[in-house]
Structures are given as C-alpha cells and as structure tokens.
Amino acid sequence: MTQTRPAAAGEARPAARPPRQRGSGLSERALARVFVAPSLALMALVALFPVLYAIVLSLFEYTRRQREGFAGLGNYTEALGDDRFWSALWFTLVFTVTSVAAEFLIGLGFALLMNQTFRGRGLTRAAILIPWVIPTVIAAQMWFFMFNVTPGFINTLFGLGDFNWLGQPGWATFAIVFADVWKTAPFVALLLLAGLQTIPAEMTESAMVDGAGRWQRLWYITLPLLRPAILVALLFRTVDALRVYDLVAVMTGGAFDTESLSVLVQQYVVRTPDPGFGSALSTLTFILILGIGLLFVRALGRDIAIGRGEEAR
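Residue numbers (the UniProt record's numbering): 1 to 313.
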C-alpha cells in the first residue's frame, strides 16, 4: 500500500487546484427581467397606446368626427379657458378629497375592529365585502332609488317628505359621496387590516406594560407602522376617485354641479362629438391622475426604503 508521507518542515506543499468555475449564465436580477419583459411589453401596448392615440387626436381639429386640420395646442387652450372644465375639475377634487377621507376613517375603524379576536370574526370579514363586490352601476342605481323623491327610502325613513336629494347641487354631491363611501370603505378596511396583521403583537404588549393607553398605542405605534398600508390604500382610492364616472352618470347624469372630468370627456367624445377637444380633456385628466399617483408612489417608495434602513433617494 502506498502511504502518504506528511510534508516535512520547510518543504513546499503542492499548489491547490483552483475550483472549476460554473457557466456564467444569467444573474437572478437579469433572469427576473427576462421573465417580466413580456408582461411589461403587453401592459405597455394595452396602456400606452390609448394614451398616445388620445394625444395625437388632441392635436387636430374635428367637426362631427371629420378631421379638419392640425390644431396644435389649440384644443388644450380652449379646454383651459372653458368654465365647464374648471367646474368639472372642482367637483372631481371635492369628491375625491371628501370620499377618500371618509373611506379612510371608516375603513380604519373597521380594520381595527376586525383585527380583534371575537366570535364570528371570519363571518364579519366576509360580510363586509358585500358592498365592494356589487358592480358600481348596480350600486349607483340602488342609491338613486334610495335618494329619489318618490318612493325614496331615505325620505320615508327620516320623514323628509318630498325632499329632493339629487335635484340640489350640494345635496346631490353629498348623495354621490355617500354612495361611494358605502361601496368602497370595505376595500380600504381590508387593505388596512392586512397591514395591521403585519404589526408584531409584542410591540403593543410592551407599550401596554409601559402604561401606554389605547390612543397612545394607536398614535405612536399602530399608525406609524401602518403607514405603508395607508399609502397603498390612499393611492388606489385617490386614483380611482379621480376617474369617477359610473356613480355620477347614473345618479345625476352630471347635472346640478356634479359633472366629473370623466363625464365631461364622455360628453365631448361620444355625444357632441368632438374627438379632438374630448381627447385634450382626457389628456389633461390623465396628467392630473398621473401626477398625483406619482406623488403617492414616491412617498411609498421613500417609506419602504426608510423601513429597510436605507436612505431615501
């Protein structure tokens, strides 16, 4: 048998053989980009093409769908000088701010309630989704009959006689906001509930041991840790509220100072029709929604970076 002789002191050992290198291949990040690229291309085709086409249409003058000639920024100048545009913008912003604020407060309350342990919690979580799964057009039609003069359930319930909710500017806006809050607050509640369930119970328990009250725990522990979920909920609801169409079209048709930007665009593109001017209105609406959406995304990204201990860029 051959025995391996230990190397003597001072005797050089043979150099170790370098390990064989594997094939370079793709990094995980590059491989992820390869898999995501087809989906991004399809999304770009579906989402960007209508936007670009609307921008092209907005640069031309039309008369009953017949292209007359190049208008440049004339349609945008006309839109910005139209009182109807500013009225629709004002209603859209009022609707967005009031509805999103109410949905957040109500949704937060429901989320805190459903995060507690009680009998029937699973059934409660399922039942709260019922308004959200109802199609918006059906919900709008239901609330139209509820707020109608005759036979209006709201007037009958509160003994208001023939009070015309949908025939007065301020009350018509209230009715539309109320219907939207009823339908969408459950969605906000579920988003916030998902965020609440990621908060470690040890943190609130430690605060209780230290003598922190319920409101102190909510303000100093729950809400700061819930901030990413709050931003996501506000992002989804703000973008959706700025595009409101169904509720307004069904409940008031845009009358009594309730015409939203989406309803105004539909009026010019479909009913008038003036594709150039309507496309300019839709492009301005898109810019507004995109700008507000980017603000939320930037705030959300900064919050995630801080949460990971990285410096926000």
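Note that the Cβ used here is the ideal one computed from N, Cα and C, for glycine as well.
Remember, it's a predicted structure, so these values are computed and weren't measured experimentally.
Nearest in C-alpha terms to Ala-172, of all of Ser-260, Leu-57, Phe-49 and Leu-59, is Ser-260. Of the other Cβ atoms in all chains shown, fewer than 16 fall within 10 Å of the Cβ of Glu-68; this residue is therefore exposed. Taking 3 residues as the shortest admissible run, the segment 228-299 contains no complete beta strand (DSSP E) segment at all. Burial is judged here by how many other beta carbons sit within 10 angstroms of a residue's own beta carbon; Asp-162 has fewer than 16 and is exposed.
DSSP, read as helix, strand or coil, puts Gly-152 in coil.
Note on the segment 53-136: whole alpha helix (DSSP H) runs with a minimum of 4 residues are 74-80, 83-114, 121-127 and 130-133, in chain order. Separation of Gly-170 and Trp-132 (C-alpha to C-alpha, rounded to the nearest whole angstrom) is 25 Å.
Here DSSP, grouped into helix, strand and coil, assigns Ile-221 to helix. At a Cβ-Cβ threshold of 8 Å, Ala-233 and Val-181 do not count as neighbours.
When C-beta atoms of the segment 214-230 are compared with those of the segment 148-167, fewer than three pairs fall below 8 Å, so the two segments do not count as touching. With contact defined as three or more Cβ pairs closer than 8 Å, the segment 37-45 and the segment 262-274 are not in contact. Residue nearest to Gln-116 within the set Gly-211, Ser-58 and Leu-193 is Leu-193 (criterion: CA-CA distance). Taking the CA atoms as reference points, Ile-138 sits about 44 Å from Glu-205. Counting along the chain, no alpha helix (DSSP H) covers Asp-210, and no H or E run does either. Taking all protein chains shown into account, Pro-186 has 16 or more neighbouring C-beta atoms within 10 Å of its C-beta and is therefore buried. 8 Å or more divides the Cβ of Leu-235 from the Cβ of Leu-288.
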